[in-house]
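Numbering (the numbering used here), first residue to last: 5 to 93. Note that CB positions come from ideal geometry on N, CA and C, so glycine has one too. It should be emphasised that the depicted structure is a prediction, and the values quoted were computed from it without experimental measurement. Please read the structure below before turning to the comments.
So, in structure tokens, the structure goes:
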């Protein structure tokens, strides 16, 4: 789940962890916030995995893709919750 350290993404990770026995990844662009979100869910006896991901950074996307490919053979489901905000003048 992208952008999952708070809000809707956090809730989706919580729900998936409760309903699914497989690995659920919580991703966030800020490592501290992402790991804090995982720690919060671990207090509920849920066990998401964390991976750093900034969807506006191509290298970050490639790192996650390569990690998932080499460790899991790919990705079964993506919840693309993260957004990119731009300032308009």
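(message) Rounding to the nearest angstrom, what Cα-Cα distance links residue 37 and residue 50 in this structure?
(response) As a working note, residue 37 is residue 33 in the chain shown. As a working note, residue 50 is residue 46 in the chain shown. Taking the straight line from one Cα to the other gives about 17 Å.
(message) Just to confirm before moving on: does the CB-CB distance between residue 14 and residue 41 stay below 8 Å?
(response) Residue 14 sits at position 10 when you count from the first residue of the chain shown. Residue 41 sits at position 37 when you count from the first residue of the chain shown. In contact: residue 14 and residue 41 (Cβ atoms closer than 8 Å).
(message) If you measure between the beta carbons of residue 54 and residue 30, is that distance less than 8 Å?
(response) Reading the chain shown from its first residue, position 50 is the one you call residue 54. Reading the chain shown from its first residue, position 26 is the one you call residue 30. Yes; because the gap between Cβ atoms is below 8 Å, this pair is in contact.
(message) Using C-beta distances below 6 Å, list every residue in its chain close to residue 16, excluding the 5 sequence neighbours before and after it, in chain order.
(response) Here residue 16 refers to the residue found at position 12 of the chain shown. Here the set comprises 5, 83.
(request) Look at the alpha carbon of residue 113 and the alpha carbon of residue 57, and state the distance between them as a whole number of angstroms. (result) As displayed, the chain neither begins before 5 nor continues past 93, which places residue 113 out of reach and without an answer.
(request) Determine, using beta carbons only, whether residue 85 and residue 8 come nearer to each other than 8 Å. (result) The residue given as residue 85 occupies position 81 in the chain shown. The residue given as residue 8 occupies position 4 in the chain shown. Yes, the pair counts as a contact, with Cβ atoms nearer than the cut-off.
(request) Note down the Cα distance separating residue 60 from residue 78, rounded to an integer number of angstroms. (result) For the purposes of this step, residue 60 is taken as the residue at position 56 of the chain shown. For the purposes of this step, residue 78 is taken as the residue at position 74 of the chain shown. Approximately 21 Å, taken between the alpha carbons.
(message) With DSSP as the reference, identify every bridge partner of residue 31, one or two as the case may be.
(response) Here the question's residue 31 lines up with position 27 in the chain shown. Partner(s): 55.
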